[in-house]
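To keep things clear, I will list the structure first and then write my remarks on it.
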Amino acid sequence: MIALAADHGGFQLKEAVKAWLEEQKIPYEDFGTHSEASCDYPDMALPACRAVVEGRCEKALLFCGTGVGISMAANKVHGIRAACCSDHFSAKYTRLHNDANALCLGGRVVGPGLAVELVDVFLHTAFEGGRHQRRVDKLSAIEREGSR
22 MIALAADHGG
32 FQLKEAVKAW
42 LEEQKIPYED
52 FGTHSEASCD
62 YPDMALPACR
72 AVVEGRCEKA
82 LLFCGTGVGI
92 SMAANKVHGI
102 RAACCSDHFS
112 AKYTRLHNDA
122 NALCLGGRVV
132 GPGLAVELVD
142 VFLHTAFEGG
152 RHQRRVDKLS
162 AIEREGSR
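Residue numbers (our numbering): 22 to 169.
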């Protein structure tokens with residue numbers, strides 16, 4: 022199950038990706054927004070990210086105008102490793118090397134065709150582990166330590 026969420030700036034791109042997920046028969050839960058009415062990306066990111074952290078969803082696909090704001094919000098959620106990507110290489114390697122569990126895309130930056138390609142590579146690339154696990158563990162340690 023994939024968690025989806027967007028603010029108004031990412032709504033159209035979320036809908037395009039959602040249609041592709043349906044074509045691919047990839048199950049998802051849409052946490053909103055459900056229109057282009059103005060809303061705040063932190064409010065949209067939180068329930069989708071919680072679904073990932075709690076294990077109800079495997080990964081999250083998050084959308085706002087640039088992808089940056091919603092990635093900042095997502096990365097505040099303990100256990101989320103969100104990456105804002107707009108190219109194939111980054112979308113692939115954020116899974117391969119960083120074990121990212123949330124992909125953030127900008128509706129005003131990435132078109133629907135590219136978005137589908139990025140989502141496809143993100144969802145179908147496994148974490149490589151090995152030396153990269155050590156680095157992900159260090160990220161988790163920083164997260165546990167907080168900003169003391």
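Glycine included, every Cβ here is placed at the ideal spot set by N, Cα and C. Quick caveat: nothing in here was measured; it's all calculated off a predicted structure.
According to DSSP, is residue i helix, strand or coil?
i, result
"Gly90", "helix"
"Glu75", "coil"
"Gly167", "coil"
"Phe143", "helix"
Could you check if residue i is buried or exposed, using at least 16 other CB atoms within 10 Å of its CB as the buried criterion?
i, result
"Gly100", "exposed"
"Ala162", "exposed"
"Arg165", "exposed"
"Ser176", "As displayed, the chain neither begins before 22 nor continues past 169, which places residue 176 out of reach and without an answer."
"His29", "buried"
"Met22", "exposed"
What are the residues that DSSP puts in a beta bridge with residue i?
i, result
"Lys80", "Ile23"
"Leu126", "Phe84"
Quick one: any contact between the segment 151 to 169 and the segment 126 to 133, if contact means 3 or more CB pairs under 8 Å? no
Could you say if the segment 139 to 154 and the segment 107 to 122 meet the contact criterion of at least three C-beta pairs nearer than 8 Å? yes
Inspect the CB distances between the segment 103 to 115 and the segment 37 to 51 and report whether three or more fall short of 8 Å. no
Contact between the segment 37 to 44 and the segment 65 to 74: three or more CB pairs below 8 Å? no
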